[in-house]
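Student: Supplied in C-alpha cells, the structure appears directly below.
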Amino acid sequence: MSLIFAIFLPIIVAFVIPFLFKKVSNIHTGWFVLLVPLGLVAFYGTYIPDIMAGNTYMEEFAWIPSLDISLVSYLDGLSLLFSLLITGIGMLVVLYSIFYLDKEKEKLGNFYVYLLLFMSAMLGVVQSDHLISLYFFWELTSISSFLLIGYWYTKDRSRFGALKSMMITVFGGLMMLGGFVILGIMGDTFSIRELIDQASTLVNHDLFVWALVLVLIGAFTKSAQFPFYIWLPDAMEAPTPVSAYLHSATMVKAGLYLVARFTPIFALSEVWVWLVTGVGLLTLFWGSIFAVKQTDLKAILAFSTVSQLGLIMSLLGIGSISYHVTGDLVTTFTFASFAAIFHLMNHATFKGSLFMIAGIVDHETGTRDIRKLGGLMSLMPISFTIAMIGSFSMAGIPLFNGFLSKEMFLDATLSLQQFNVHSLDSWWILFPVIAWIASVFTFVYSLYFVFHTFRGKYKPELLPKKAHEAPLGMLVSPAILAILVIVIFFVPNFFGNTFIKPAVAAIQPLAYQVPADVGFKIKAWHGFESTALYMTLGIFLIGFLLYKTIAKWVPLYENMPAKISLNRFYDGLMNLSDKGANRLSSSYMTGSIRSYLIYMFAALIILLAFTMWVKDAFVMDLTNLAPIQFFEVLISVVLIISTITILVTKSRLTAIIALGAVGYTVALFYIIFKAPDLALTQLVIETVSVALFLGAFYHLPKLNKYEKGKEDRRFRLNNFLIALGVGVMVTLIAIASHSQKLVVSISEYYKETVYSEAGGGNIVNVILVDYRGFDTLFEISVLTIASLGIIGMITVRLAKKKGDRKVENK
Numbered sequence: 029m030s031l032i033f034a035i036f037l038p039i040i041v042a043f044v045i046p047f048l049f050k051k052v053s054n055i056h057t058g059w060f061v062l063l064v065p066l067g068l069v070a071f072y073g074t075y076i077p078d079i080m081a082g083n084t085y086m087e088e089f090a091w092i093p094s095l096d097i098s099l100v101s102y103l104d105g106l107s108l109l110f111s112l113l114i115t116g117i118g119m120l121v122v123l124y125s126i127f128y129l130d131k132e133k134e135k136l137g138n139f140y141v142y143l144l145l146f147m148s149a150m151l152g153v154v155q156s157d158h159l160i161s162l163y164f165f166w167e168l169t170s171i172s173s174f175l176l177i178g179y180w181y182t183k184d185r186s187r188f189g190a191l192k193s194m195m196i197t198v199f200g201g202l203m204m205l206g207g208f209v210i211l212g213i214m215g216d217t218f219s220i221r222e223l224i225d226q227a228s229t230l231v232n233h234d235l236f237v238w239a240l241v242l243v244l245i246g247a248f249t250k251s252a253q254f255p256f257y258i259w260l261p262d263a264m265e266a267p268t269p270v271s272a273y274l275h276s277a278t279m280v281k282a283g284l285y286l287v288a289r290f291t292p293i294f295a296l297s298e299v300w301v302w303l304v305t306g307v308g309l310l311t312l313f314w315g316s317i318f319a320v321k322q323t324d325l326k327a328i329l330a331f332s333t334v335s336q337l338g339l340i341m342s343l344l345g346i347g348s349i350s351y352h353v354t355g356d357l358v359t360t361f362t363f364a365s366f367a368a369i370f371h372l373m374n375h376a377t378f379k380g381s382l383f384m385i386a387g388i389v390d391h392e393t394g395t396r397d398i399r400k401l402g403g404l405m406s407l408m409p410i411s412f413t414i415a416m417i418g419s420f421s422m423a424g425i426p427l428f429n430g431f432l433s434k435e436m437f438l439d440a441t442l443s444l445q446q447f448n449v450h451s452l453d454s455w456w457i458l459f460p461v462i463a464w465i466a467s468v469f470t471f472v473y474s475l476y477f478v479f480h481t482f483r484g485k486y487k488p489e490l491l492p493k494k495a496h497e498a499p500l501g502m503l504v505s506p507a508i509l510a511i512l513v514i515v516i517f518f519v520p521n522f523f524g525n526t527f528i529k530p531a532v533a534a535i536q537p538l539a540y541q542v543p544a545d546v547g548f549k550i551k552a553w554h555g556f557e558s559t560a561l562y563m564t565l566g567i568f569l570i571g572f573l574l575y576k577t578i579a580k581w582v583p584l585y586e587n588m589p590a591k592i593s594l595n596r597f598y599d600g601l602m603n604l605s606d607k608g609a610n611r612l613s614s615s616y617m618t619g620s621i622r623s624y625l626i627y628m629f630a631a632l633i634i635l636l637a638f639t640m641w642v643k644d645a646f647v648m649d650l651t652n653l654a655p656i657q658f659f660e661v662l663i664s665v666v667l668i669i670s671t672i673t674i675l676v677t678k679s680r681l682t683a684i685i686a687l688g689a690v691g692y693t694v695a696l697f698y699i700i701f702k703a704p705d706l707a708l709t710q711l712v713i714e715t716v717s718v719a720l721f722l723g724a725f726y727h728l729p730k731l732n733k734y735e736k737g738k739e740d741r742r743f744r745l746n747n748f749l750i751a752l753g754v755g756v757m758v759t760l761i762a763i764a765s766h767s768q769k770l771v772v773s774i775s776e777y778y779k780e781t782v783y784s785e786a787g788g789g790n791i792v793n794v795i796l797v798d799y800r801g802f803d804t805l806f807e808i809s810v811l812t813i814a815s816l817g818i819i820g821m822i823t824v825r826l827a828k829k830k831g832d833r834k835v836e837n838k
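In my numbering, the protein residues as written are 29 to 838.
Structure, rendered in C-alpha cells:
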C-alpha cells in the first residue's frame, strides 16, 4: 500500500458504505468500517522502526501539473505520530460507536461516510508537503466536521453548532490560504520542505510577518484558541463518538500540527514566539476558568479541551525560542517542544476516554446535566473507574500520564527566565503564574467532573432513565485509553523514544538531526530542589480547597456581564450580516427583468470602459480596410431608421414590423460579406420571431399604457444612456480589436484544418459539429429540456382549463 493510497483509502471505502448499509441490514455497519482504521494502524506501524532511525518517506502524485500542484505525502516523525493518533483513536471511536449508535434508529450509512471522509482529510493534512494540497485537505476537515456535528440535523442546536464551527474554521482556512500564497511568492515554491530550507532568507522578506500572522489565524481557529474557541462548546451537540474523535484527538489538534510543522519556517521571528506562547497561555487560562462554570458534562470537557489545547500551544511557542538561543539553552527550550508533543499524546488518551464516559452517562441515564447526576459510582463502577483515571490524569495527579507532561509544562514556563526577553525585564514571571493559576482550575474542574457525577446523592427522580452500567462493548474503547494513561506513566521513555523524539526532530531540525541524539528522559521525580514540585503541591492544596468550597464561589460567574461575551459578539455579527445581506439584496432584487438588464449593462459599460482606460487599449487603425460601397451605406441607413422606428412608434404592430426589418437588414449584411449560412439562420430566426410576435399580438399591452404611466422622461433617459453606452463600448472594442492584432486569428487554424482534420468544406458547419460538438450537443439538450418544460406547462394549463369547464358545466 502506498502512502497516497492510504490517505484516500477511507474515502474509497466511504463510497461503498451507503450500499453496504442497505444490503447488510442485520449487521452493524461499524463492524465493516472498523477494518479501515485497523488496517491503517497496522500499515503505519510498519514505518515506526525506520522513522525512529531518522528516515523519512515521500510520495508524489501530479494533481494539476499545469499549475505545479501535486499531492505530496511526506512521512516523518511528526506526521507519523499524528497518523497513528488519527487511525488509532479512530479505530476505538468506531468500535465505541457500534454500541453507542442504534442501527435501527440512526442513519449509520451517513454517519460512517462522514467519519471516513474526515479521517482521509486529517491524514491528508498531516502528511501533505504541498501547501495547496494541505489547504485542500484542511478545508475538507471543516466540511466533514460540519456534517458530523450536524449529524442530528433535526435539532436546532446541532445545525447551529455545525454552522458556527464551519463559519469560524473556514474563515481561518481562508486566512491561512492567504499566508500560503504569500509564502509561495516569497520562496517561489509551495513545498514545505523547500521553504524550511529557505527560512533564514525568508525571515528578512517584507511579507514574512503577514504570512506568519495569516497562517497562525488558521491554526488558532482550528485549534480553538482565544478568541476563536467559541465554536467548540457549541460543537458538543454532535454525537459523543464525534466529540471523542474530532474534539479530543484529531481536528482540534490540526492547528497544533500546523504550528509544529511551520515552526522551522516562522520561529526565526520573535513575533511567532510571543504570539504562539501568549495566545496559548491566555487560552489555557480562559478555558480552565470557564470550565468550572459549566453544568453539561460535554460542555465541561469542551472548555477543558480549549484549556489543554492552549497548554500545548504555549509549549510549542516556548519551544520555538530554541531558534533564538545557543549552547545549552537550545536543549532547554527544545525540551518544551518535547513536552508539547508528549502532552498532545497524553491528552488524546485521557480526554478521549472522558468524552466516551460522558456519552456513556448520557446513554445510560438520559442526561448530561451534572446537577441531576450523582451517586452513580455504585451503579456504574467500571465507568467510574475509567472516569477517575482520565480525570486524575487531566488534573495532573501522580500515577497517571498527565502528571508527567504537566510537570514538564511547569518547568518549561519557568525556563523563560533564561531567555533575554526584550523590554520585558522581570515580567517573564507572569507566564508561570498564569500557568499555575490555570493548573489550579484544571485540578478543580477535573475533580468536579468525576465526583459530582459519580459521588454524592443518587437522584433517580431527576433522571429520564434508570441508571445502570453500560454494556461491555461500549466500555472497551475508553478502558483501552484508560489503561494507556497508566501504562504511559510507568514506561514513559518507551513512548518518548518511539514516538515523541522523532516527532520533535521534525520541529527542531536545527537543534539536532537524528532523534537518538536527543537526551531527554521523562521521569516522575525531579528531586526536592525542583520548583515545579512545590508549584504542584500548591496546585493540589489550593485546588482541593476550591473544589470543596465550589458551591460558595461558583455563583460569582453569574455576575459577569453576558452582553460582552464573545458568543454575543458572534451572534450579533451573524445577525448584522444577515440583515445587511437581506437589505442589500432587496434593494436590487425587484423582480423586474428590465431592472436586472440595466444593472448588468451598466456594470458592463463601467468595467469595459475602466479596463480600456487603465490598459490604454483603444487603438484606431484605418489601413487595410475595404472600401465602403453605396449599397452598404443604404442598408445601414435602413437599419438605423428601422431601429429608431421601434423606439418612437406608438403602434405595437409597427414596432413588430420594424423589428423584423432590422433582422432582415442584418441578414443582407451577412450575404454581402459572404456568409450565406449565417444569413439563412438569421432569416429563419427573424421569420419565426416575427411570426411569434404576431401570434401573441392580441395579448401584448398597448404602448400608450406605459407612456401615460411608468415610462416617464427620466425612465426613457436612463434607457437611452444605457443603450448608448453599450453601443459605444461595443463599437470601441470592435474597432480596437480590429486595429491591433496581438495574436494570429484562430480563423487561420480553421482554414488549415477544417478539411484535413474534420473532412468538411463548410467552416461554420464543421465548427458547430466537430470543433464545438459537445457545446452544440449541450445547447440542443438545453433547448430540448426547455421545450419539454413548455409542453408540460401548456399541458397542465390546458388540463386545468378543461377541469374548470367540467366544474362549471356541473
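Quick reminder that beta carbons are idealized off the backbone N, C-alpha and C, glycines included. Nothing here was measured: the structure is a model prediction, and the numbers come from that model.
Does Y734 come out as helix, strand or coil in the three-state DSSP assignment?
Tutor: If you number the sequence shown from 1, residue 734 lands on position 706. Low local confidence applies: a pLDDT of 45 at Y734 is under 50, so the model's placement there is unreliable, with the coordinate-based value given in what follows. Here Y734 sits in helix by DSSP.
Student: Does the beta-carbon distance from Y128 to P261 come in below 8 Å?
Tutor: Position 100 of the sequence shown, counting from 1, holds the residue named residue 128. Position 233 of the sequence shown, counting from 1, holds the residue named residue 261. In this structure, P261 does not lie closer than 8 Å to Y128 by Cβ.
Student: Count the other CB atoms within 10 Å of the CB of K192; is the residue buried (16 or more) or exposed (fewer)?
Tutor: Taking the first residue of the sequence shown as 1, we reach residue 192 at position 164. Classification for K192: buried.
Student: Can you tell which of V676, I674, L337 and V690 has the C-alpha that lies nearest to the C-alpha of S664?
Tutor: Position 636 of the sequence shown, counted from the first residue, corresponds to residue 664. Per the Cα distances, V690.
Student: Using 8 Å as the threshold, is the region 335-353 in touch with the region 295-307, meaning 3 or more CB pairs across them?
Tutor: yes
Student: Contact check, F370 vs M264 under 8 Å by CB: the rounded distance?
Tutor: For this step, residue 370 is matched to residue 342 along the sequence shown. For this step, residue 264 is matched to residue 236 along the sequence shown. F370 to M264, Cβ: 27 Å. No contact.
Student: Taking a contact to mean a Cβ-Cβ separation below 8 Å, would you say V280 touches L337 in this structure?
Tutor: Working through the sequence shown from its first residue, we reach residue 280 at position 252. Working through the sequence shown from its first residue, we reach residue 337 at position 309. In contact: V280 and L337 (Cβ atoms closer than 8 Å).
Student: Given a cut-off of 8 Å, decide if L329 and L382 are closer than it, judged by their beta-carbon atoms.
Tutor: As a position in the sequence shown, residue 382 is number 354, starting the count at 1. As a position in the sequence shown, residue 329 is number 301, starting the count at 1. Yes, the pair counts as a contact, with Cβ atoms nearer than the cut-off.
Student: In angstroms with no decimal places, state the Cα-to-Cα distance between K51 and V64.
Tutor: For the purposes of this step, residue 51 is identified with residue 23 of the sequence shown, where counting begins at 1. For the purposes of this step, residue 64 is identified with residue 36 of the sequence shown, where counting begins at 1. Roughly 19 Å between the two C-alpha positions.
Student: Give the straight-line distance between the Cα atoms of F568 and A288, rounded to the nearest whole angstrom.
Tutor: Your numbering for residue 568 matches position 540 in the sequence shown. Your numbering for residue 288 matches position 260 in the sequence shown. F568 and A288: Cα-Cα distance of roughly 31 Å.
Student: In terms of DSSP beta bridges, what is H158 paired with?
Tutor: Position 130 of the sequence shown, counting from 1, holds the residue named residue 158. Partner(s): S219.
Student: Near M119, what residues of its chain come up, given a Cβ to Cβ distance below 7 Å and the 5 sequence neighbours on each side ignored?
Tutor: Position 91 of the sequence shown, counted from the start, is the residue given in the question as residue 119. Closer than 7 Å at the Cβ level, and outside the excluded window around M119, lie L62, P65, L66 and V69.
Student: Measuring only the C-alpha atoms, how far is N595 from G315?
Tutor: One-based indexing of the sequence shown puts residue 595 at position 567. One-based indexing of the sequence shown puts residue 315 at position 287. Between N595 and G315, the C-alpha separation is close to 14 Å.
Student: Can you tell me the Cα-Cα spacing of I761 and F646, whole angstroms?
Tutor: Looking up residue 761 in the sequence shown gives position 733. Looking up residue 646 in the sequence shown gives position 618. Computed Cα separation, rounded: 7 Å.
Student: Is there contact between the region 502-509 and the region 405-416, where contact requires at least three CB pairs shorter than 8 Å?
Tutor: Between the region 502-509 and the region 405-416, the count of C-beta pairs closer than 8 Å reaches three or more; the two stretches touch.
Student: Pick from T74, F331, I92 and F459: whose alpha carbon is nearest that of V320?
Tutor: Position 292 of the sequence shown, counted from the start, is the residue given in the question as residue 320. Among T74, F331, I92 and F459, the Cα nearest to that of V320 is on F331.
Student: Can we say the region 169-181 touches the region 211-219, given the rule of at least three CB pairs closer than 8 Å?
Tutor: no
Student: Count the C-beta pairs between the region 222-239 and the region 554-567 that are closer than 8 Å, then say yes if the count reaches three, no if not.
Tutor: Taking 8 Å as the limit for Cβ pairs, the verdict is that the region 554-567 does not touch the region 222-239.
Student: Between the C-alpha atoms of T639 and V754, what's the straight-line distance to the nearest angstrom?
Tutor: Residue mapping note: residue 639 aligns to position 611 of the sequence shown, counting from 1. Residue mapping note: residue 754 aligns to position 726 of the sequence shown, counting from 1. Each residue's Cα considered, the two are about 15 Å apart.
Student: Please report the straight-line C-alpha distance between I55 and L296, rounded to a whole angstrom.
Tutor: As a first step, residue 55 must be located in the sequence shown, where it is residue number 27. As a first step, residue 296 must be located in the sequence shown, where it is residue number 268. The alpha-carbon separation between I55 and L296 amounts to approximately 55 Å.
Student: Between which two residues does the alpha helix (DSSP H) harbouring L337 extend?
Tutor: To locate residue 337, count along the sequence shown from 1; it is residue 309. From DSSP, the alpha helix (DSSP H) with L337 extends over L325 to G347.
Student: Since I believe E714 is in contact with G688 (beta carbons under 8 Å), could you give me their beta-carbon distance rounded to a whole number of angstroms?
Tutor: As a working mapping, residue 688 is identified with position 660 in the sequence shown. As a working mapping, residue 714 is identified with position 686 in the sequence shown. The Cβ separation is near 6 Å, so the contact holds.
Student: List, from N- to C-terminal side, the beta strand (DSSP E) runs of 3 residues or more that fit wholly inside the region 587-655.
Tutor: none
Student: Does the distance from the CB of V121 to the CB of Y273 come in under 8 Å?
Tutor: To locate residue 121, count along the sequence shown from 1; it is residue 93. To locate residue 273, count along the sequence shown from 1; it is residue 245. Their beta carbons are under 8 Å apart, which means V121 touches Y273 by this criterion.
Student: Tell whether a beta-carbon distance below 8 Å holds between F459 and L444.
Tutor: Here the question's residue 459 lines up with position 431 in the sequence shown. Here the question's residue 444 lines up with position 416 in the sequence shown. Yes.
Student: So what does DSSP say about D130, is it helix, strand or coil?
Tutor: Within the sequence shown, numbered from 1, the residue matching residue 130 stands at position 102. D130: coil per DSSP, three-state reduction.
Student: Return the Cβ separation of S156 and F165 in integer angstroms, given the expectation that the two are a contact with Cβ distance under 8 Å.
Tutor: The residue you call residue 156 lines up with position 128 of the sequence shown. The residue you call residue 165 lines up with position 137 of the sequence shown. Confirmed, about 6 Å.
Student: Can you tell me which residues form a DSSP beta bridge with M86?
Tutor: Indexing the sequence shown from 1 puts residue 86 at position 58. In DSSP, M86 forms a bridge with Y102.
Student: Which residue wins for smallest C-alpha separation from F469, given the options P488, I592, F313 and S615?
Tutor: In the sequence shown, residue 469 corresponds to position 441, counting from 1. With distances taken between Cα atoms, F469 lies closest to F313.
Student: Going straight from the alpha carbon of Y75 to that of T526, what length do you get?
Tutor: Numbered from its first residue, the sequence shown carries residue 75 at position 47. Numbered from its first residue, the sequence shown carries residue 526 at position 498. Computed Cα separation, rounded: 11 Å.
Student: If you draw a straight line from the alpha carbon of N138 to that of Y179, how long is it in whole angstroms?
Tutor: Numbered from its first residue, the sequence shown carries residue 138 at position 110. Numbered from its first residue, the sequence shown carries residue 179 at position 151. Cα-Cα distance, rounded: 8 Å.
Student: With a cut-off of 8 Å, do at least 3 Cβ pairs link the region 511-524 to the region 392-404?
Tutor: no
Student: Mark A544 as exposed unless 16 or more other C-beta atoms lie within 10 angstroms of its C-beta, in which case mark it buried.
Tutor: Position 516 of the sequence shown, counted from the start, is the residue given in the question as residue 544. Note that A544 scores a pLDDT of 42, beneath 50, so its modelled location is shaky and nothing firm can be said.
Student: If you reduce the DSSP assignment to three classes, tell me which class W456 lands in.
Tutor: Numbered from its first residue, the sequence shown carries residue 456 at position 428. Three-state result, W456: helix.
Student: Looking at the unbroken alpha helix (DSSP H) that takes in E497, where does it start and where does it end?
Tutor: Indexing the sequence shown from 1 puts residue 497 at position 469. No alpha helix (DSSP H) holds E497; DSSP gives it neither H nor E.
Student: Which residues does DSSP pair with I97 in a beta bridge?
Tutor: As a first step, residue 97 is located in the sequence shown; it is residue number 69 there, counting from the start. Its beta-bridge partners are I92.
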